[in-house]
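Visitor:
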Amino acid sequence: MPPMLSAKRLNAYYGQAHILFDVALEAAAGEVVVLLGRNGAGKSTTLKALIGLVPPSAGEVVFCGERIDRLQPFQIARRGLGYVPEDRRIFTDLTVLENIEVGRQPARQGVPSWTLEKLYKLFPNLAETGDRPAAQMSGGEQQMLAIARTLMGNPACILLDEPSEGLAPVIVDQMAAAVLEMKSEGLSVLLSEQNLHFAAAVADRAYIIEKGRVRFNGTMAELDADDAVRSAHLAV
Amino acid sequence: MSSLVIQFLNGLAGASTLFLVAVGLSLIFGVTRIVNFAHGSFYMLGIYVAYSIISRAGAGGGLGPAGFWGGILVAAMVVGALGALIEILLLRRIYHAPEMFQLLATFGIVLVIKDYVLWAWGPEDLLGPRAPGLGGSVEILGRPFPEYDLALVFIGPLVLGLLWLLLNRTRWGTLVRAATQDREMAGALGVNQKWLFTAVFALGSALAGLGGALQIPREPAQLFLDMGVIADAFVVVVVGGMGSIPGAALAAFIIGEIKAYCVGIGQVGFLGYSVSLSKLTLVAEFIVMAIVLVMRPWGLLGRQQGAQRIAAGARERPAAGRAMQIAVLAVAGALAVMPFVAQPYTIVLLIDILVYALFAASLQFLMGPAGLVSFGHAAYFGLGAYGAALLVKKAGLPMEFALAGGPLAAALGAVVFGWFCVRLSGVYLAMLTLAFAQIAWSIVYQWDQFTGGSNGLVGVWPAPWLASKTAFYYLAFTLCGCGIWLLRRIVYSPYGCALRAGRDSPLRCDAIGIDLARLQWAAFVLVGTFAGLAGAIYAFSKGSISPETLGIPLSVDALVMVLLGGIHTASGPVVGAAVLTWLQDTVVRNTDYWRALLGAIIIALVLVFPQGIAGFARRRWARSEAA
Amino acid sequence: MTILRGSVLVVSALAKSFGGVQAVREASFAVEAGQLVAMIGPNGAGKTTCFNMVNGQLRPDSGSVRIGGVEVVGRAPRQIWRLGVGRTFQITATFASMTVRENVQMALLSYHHRLASWWLRAAHLYREEAHALLARVGMADQAERPCSVLAYGDLKRVELAMALANAPQLLLMDEPTAGMAPAERIELMALTADIVRERRIAALFTEHDMDVVFAHADRIVVLNRGSVIAEGVPDEVRANAQVRQVYLGSRH
């Protein structure tokens, strides 16, 4: 079976700066894949290139059997690739429910579809916040809302950019549980992380990116066993 | 008592009109972040289109109220469709350009629409028919009040209510509000912002068209409505808070009422002086705006905008390479020998170019290194011109003193205006500068005894030793050249660097003890002085001046020069001034529709050179050197 | 808690509320010269509010902040900086259109009251001083690069050099390692700790990375719901049951 999402020879620029060099990665259905690497290594840019916010200058991205690397972000999102940015980017002028409404898309065949009730089960903290302005939420709640908003688009695969960044340790644990719950629903999850604990708790496979290139590709067990790789690229 | 009520109703009718004009602008800005200078043109088109429809099919054609109101709605829809077309054909290509270039492009549209209206409807004022069934007046507390104005009092809130429902009770409205806050994120969630933008632009344009069409029974269709209306609309939008629709309603209400009472009260005695409040109406809204912005820098119901993209990629470089120095010397040398080789007419044109080059360079200093956008830079040019002229004409001073006094007058103006302006940033700052220029213009325009009012001042001639065009040319060449050189020198001084630092990161400036507001205030005074010098030279080169030297069109010309030339290159304003002045001169001599041609050229330039001409040349240069 | 007379920063009974919500209540703590003090706590605990009251961006409702013995409540950030307070930000704030050296020169020009000059060339002033500061933070070899192309970790170092330009007695760092890779975090904090000790600077920082906090802080102040719930050396704080419950969880 071909992977749900695959990228080959992905290159991307920010203005004049060449950020990604021939990045290749894949994620199968129901798999949690983590991109590890230092800040500025190109993790966020990889996710942005996949969703089309930083259009790749070369390479190809295939999602559910279709080339998406020349599409606009909204077209990619409508094909079932969800994206949760690093800084969450909640619509603070809107209420919590309105935020979720913006993400809503019709159900897709063969893909877990989400309702408000299901989202509230995933993130109980959101349940009683419906008409509150999103601006009043705490950082952890905003991260939950950002994920819930994207899930409302019924994605087949979700890109999470540093979901644990800036969260208190207790909330990080909650976030890990939510990622595993998404996986059990059958969702593919591709996330970028710097927090190795978090990555180890949720991921099946890992890619290590450094200076815009993929340096390691293997299962979490392989990464765990490979001290050389970890000390060379993650410096933990 | 009854007169107070009538004035209140008058105010409401005026507020309704203002709201309809402004709300579309606010909506468009909120979602697309485009400051649409052409909004006033859409309003004007609304009146003209409605006039044509109604005078044919409506009241004149015997269709009665249905024809009249139907005609107004059709006119709004026609304008909305035109807005959609412009959005698709032009704006879509420049959403990623810096805001100032978008503004420039919409100003190009203003010029094109103006000449289209001139071509299609002619230069005469056109008075539309009265609204069928609402042509009379009703008695309120014993005083007559026009029925149509009463209808307007209800139409404004009706439109507000419908818009509120649309934005808060429909999915489309939720998406619009989401995109207003973060269009990129909305796109990543599957929202097709392309059509959302088109729809919003069409809706906003249609509202402008509606606002215009509804004025048919109240005022004639005139060619200069666009500029007056855009100034009104900007003020309302800025006072209310850009992007805030309730804010626009509140601001329209406040301004409408203040204007109505100013007219109604008329003359008042104050400390023995008689002050005409009705004359205040021309500036009342600008004074309201200045007060509101100083107290609430983002308008009554607005919120802080994200950083402007004006500084994106900005990087001033110290003294350019040898080739550039040689080029500058060559141009200076060529200019120095011009009087020996060129026609007298060319010399006159060159004086204009030199004056505008200094004027544009002063604006570039403010916009580039200091990162402060001014829409009202003509204020300082005009103050310099009037300062110099009045010193000669009224104080009887010799021309040489007047030439120094003009810039001083402009500097004084900048001290006052700048004190307010540095409290703001971004679009709000730009709007406040516009407001001050308009206040200065109104004062000069109305103070007949002192400034000559709309006629201006004549007989402002230079001293005898400068009477020949050649001598005056060398004076202009020396003063303007030194001014431009000095401005450039300052960019790389500690003071200039501190200004750039403030543009890059006000937060960091604060953390290293830089008193940014004070430095920026000084920047206003500095550039005001140089703009004033340009104005003073201009006054003596023409021999006469008019309020136009403070007008919005001249401010826009300066912006066009800076943006044409490239905002982050010191040579930019000089190139821009030369190109625009030459272009205007050539085009005006060759066609009646020079505005449209100029507008088309501006639009084309924005599409081709989003970095400005000089910026484009520099990139080319850098690329060829690298290769 | 003991507040030594010689403490560089003394915060006492600081309080601030926003629209009826008490963001910081009666917070008191102190930082001594040569000491790194971490302020930690869950999101919304009042860390940033506390921080901004110390640096002058926010005015407290009540309480006092003394820096080097001088009461600073009511003073603008600029005036507080003049007392010798260096700051770094959670999201780096540098001058993107300038080079690394020019960035540091700006801070030096400001410190030496030279910003009013309209004639001299800024690039020629305080070059050596700027280089010395950049050398201290390990950025000398990148002095001529524009800030806009630097890696994030390097920008943090530039910020540190700028914060040192006014020879501060107090360093305020808001999430100094946010957005950096683990190894870089440790490196940057080790550098900071060295500088703080060698120059006898008092340093206060907020931080989410507990590895950084426990590795480098001399003392830790824990905030929860606006109140200081614990204060002490790392081992004391780590052992505190309340701190574990509201913030640290089981891992640390």
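Residue numbers (this note's numbering), protein chains in the order written: chain A, 1 to 236; chain B, 1 to 627; chain C, 1 to 252.
Ideal placement from N, C-alpha and C gives every residue a C-beta, glycine not left out.
If you're wondering where the values come from, they're calculated on a predicted model, not measured in any experiment.
In whole angstroms, give me the CA-to-CA distance for Ala-430(B) and Ile-216(B).
Guide: Taking the straight line joining both Cα atoms gives about 32 Å.
Visitor: In angstroms with no decimal places, state the Cα-to-Cα distance between Val-588(B) and Leu-350(B).
Guide: Cα to Cα, Val-588(B) sits roughly 17 Å from Leu-350(B).
Visitor: For the alpha helix (DSSP H) holding Gln-520(B), just list the boundary residues, first then last.
Guide: Its alpha helix (DSSP H) spans residues 516–542.
Visitor: The beta strand (DSSP E) with Met-53(C) in it runs from where to where?
Guide: From DSSP, Met-53(C) is part of no beta strand (DSSP E) but of the alpha helix (DSSP H) over 47–55.
Visitor: Looking only at its own chain, which residues have a Cβ that is under 7 Å from the Cβ of Glu-26(A), when we skip the five neighbours before and after it?
Guide: Closer than 7 Å at Cβ, skipping near neighbours: Pro-3, Leu-5, Ser-6.
Visitor: Can you have a look at Leu-82(B) and say buried or exposed, based on whether 16 or more other CB atoms are within 10 angstroms of its CB?
Guide: Label assigned to Leu-82(B): buried.
Visitor: I want to see whether chain A comes within less than 7 Å of Pro-42(C), judged by CB atoms only; does it?
Guide: Yes, because at least one Cβ of chain A sits closer than 7 Å to the Cβ of Pro-42(C).
Visitor: Which of the three DSSP states is assigned to Met-152(A) in this structure?
Guide: Residue state, collapsed to three classes: coil.
Visitor: Put Ile-91(C) into one of helix, strand or coil per three-state DSSP.
Guide: Correct three-state label for Ile-91(C): coil.
Visitor: Just the chain B side, please: which residues come within less than 8 Å of Glu-98(A) by C-beta, in chain order?
Guide: Simply Thr-174, Arg-177, Ala-178.
Visitor: Which residue marks the beginning of the beta strand (DSSP E) containing Ile-201(C), and which one marks its end?
Guide: Per DSSP, Ile-201(C) belongs to no beta strand (DSSP E) and is neither H nor E.
Visitor: In chain order, what are the residue ranges of uninterrupted beta strand (DSSP E) at least 3 long that sit wholly in the stretch 565–600 of chain B?
Guide: Qualifying beta strand (DSSP E) stretches: none in this window.
Visitor: With distances taken from CA atoms, which of Ala-203(C), Ser-110(C), Ala-13(C) is nearest Ala-122(C)?
Guide: Residue Ser-110(C) is the option with its Cα nearest to Ala-122(C).
Visitor: Examine chain C for any beta-carbon lying closer than 7 Å to the beta-carbon of Ser-192(A), and answer yes or no.
Guide: So, not an interface residue.
Visitor: For Leu-170(C) and Ala-151(C), I'd like the C-alpha separation in whole angstroms.
Guide: One C-alpha to the other measures close to 26 Å.
Visitor: In the DSSP assignment, find the beta strand (DSSP E) that holds Pro-146(B) and state where it starts and stops.
Guide: Residues 143–146.
Visitor: Cβ of Met-4(A) less than 7 Å from any chain B Cβ?
Guide: False, the Cβ-Cβ gap to chain B never drops below 7 Å.
Visitor: Using 8 Å for Cβ pairs, my map puts Val-444(B) next to Thr-451(B). What's the rounded Cβ distance?
Guide: Rounded, the Cβ-Cβ distance is 5 Å, consistent with contact.
Visitor: With 7 Å set as the bound, which would you pick, yes or no: does the beta-carbon of Gly-11(B) sit closer than that to a beta-carbon of chain A?
Guide: Not closer than 7 Å to any Cβ of chain A, the Cβ of Gly-11(B) fails to qualify, so no.
Visitor: Compile a chain-ordered list of the residues in the stretch 474–505 of chain B whose CB is closer than 8 Å to at least one CB of chain A.
Guide: Within the stretch 474–505 of chain B, no residue qualifies.
Visitor: Under 7 Å, Cβ to Cβ, is there at least one residue of chain C near Arg-508(B)?
Guide: Cβ-Cβ to chain C under 7 Å: yes for Arg-508(B).
Visitor: What do you reckon, are the CB atoms on Gly-240(B) and Leu-189(B) nearer than 7 Å?
Guide: No, the pair does not count as a contact, with Cβ atoms beyond the cut-off.
Visitor: I'd like to know if Ile-51(A) contacts chain B, where contact means its C-beta is closer than 7 Å to some C-beta of that chain.
Guide: Taking Cβ atoms only, chain B reaches closer than 7 Å to Ile-51(A), which makes this a yes.
Visitor: Within the continuous beta strand (DSSP E) that includes Ile-229(C), where are the two ends?
Guide: Looking at the DSSP string, the run of the beta strand (DSSP E) that includes Ile-229(C) is 227–232.
Visitor: Are the beta-carbon atoms belonging to Leu-122(A) and Glu-181(A) less than 7 Å from one another?
Guide: Yes, the Cβ-Cβ distance between Leu-122(A) and Glu-181(A) is below 7 Å.
Visitor: Report, in whole angstroms, the separation of the C-beta atoms of Thr-198(B) and Glu-99(B), which I expect to be a contact under 8 Å.
Guide: So it is not a contact: roughly 19 Å between Cβ atoms.
Visitor: Just grab the DSSP bridge partners of Asp-161(A) for me.
Guide: Asp-161(A) is bridged to Ser-192(A).
Visitor: Identify each residue in the stretch 206–234 of chain C for which the Cβ-Cβ distance to at least one residue of chain A is less than 8 Å, and report them in chain order.
Guide: Those residues of the stretch 206–234 of chain C that come within reach of chain A (Cβ to Cβ, closer than 8 Å) are His-208, Met-210.
Visitor: Please classify Gly-264(B): does DSSP put it in a helix, a strand, or coil?
Guide: It is helical.
Visitor: Does Tyr-126(C) come out as helix, strand or coil in the three-state DSSP assignment?
Guide: Of the three classes helix, strand and coil, the one that applies to Tyr-126(C) here is coil, per DSSP.
Visitor: Can you name, in chain order, every residue of its own chain whose Cβ lies under 7 Å from the Cβ of Leu-354(B), other than the five neighbours on each side?
Guide: These residues qualify, in order along the chain: Ala-476, Phe-477, Cys-480.
Visitor: Okay, do the stretch 410–421 of chain B and the stretch 555–573 of chain B touch, 3+ Cβ pairs below 8 Å being the bar?
Guide: Counting Cβ pairs under 8 Å, fewer than three are found: no touch.
Visitor: Can you check DSSP and say which residues form a bridge with Lys-173(A)?
Guide: Inspection of the sequence shows that residue 173(A) is occupied by Asp rather than by Lys. Asp-173(A) is not bridged to any residue.
Visitor: Taking contact to mean at least 3 C-beta pairs separated by less than 8 Å, is the stretch 531–546 of chain B in contact with the stretch 340–347 of chain B?
Guide: Short answer: they don't touch.
Visitor: What residues of chain B sit near Glu-102(C), judged by a beta carbon separation below 8 Å?
Guide: Simply Cys-497.
Visitor: If we ignore side chains and look at the alpha-carbon of each, how far apart do Met-324(B) and Ser-571(B) end up?
Guide: Rounded to whole angstroms, Met-324(B) to Ser-571(B) spans 10 Å at the Cα level.
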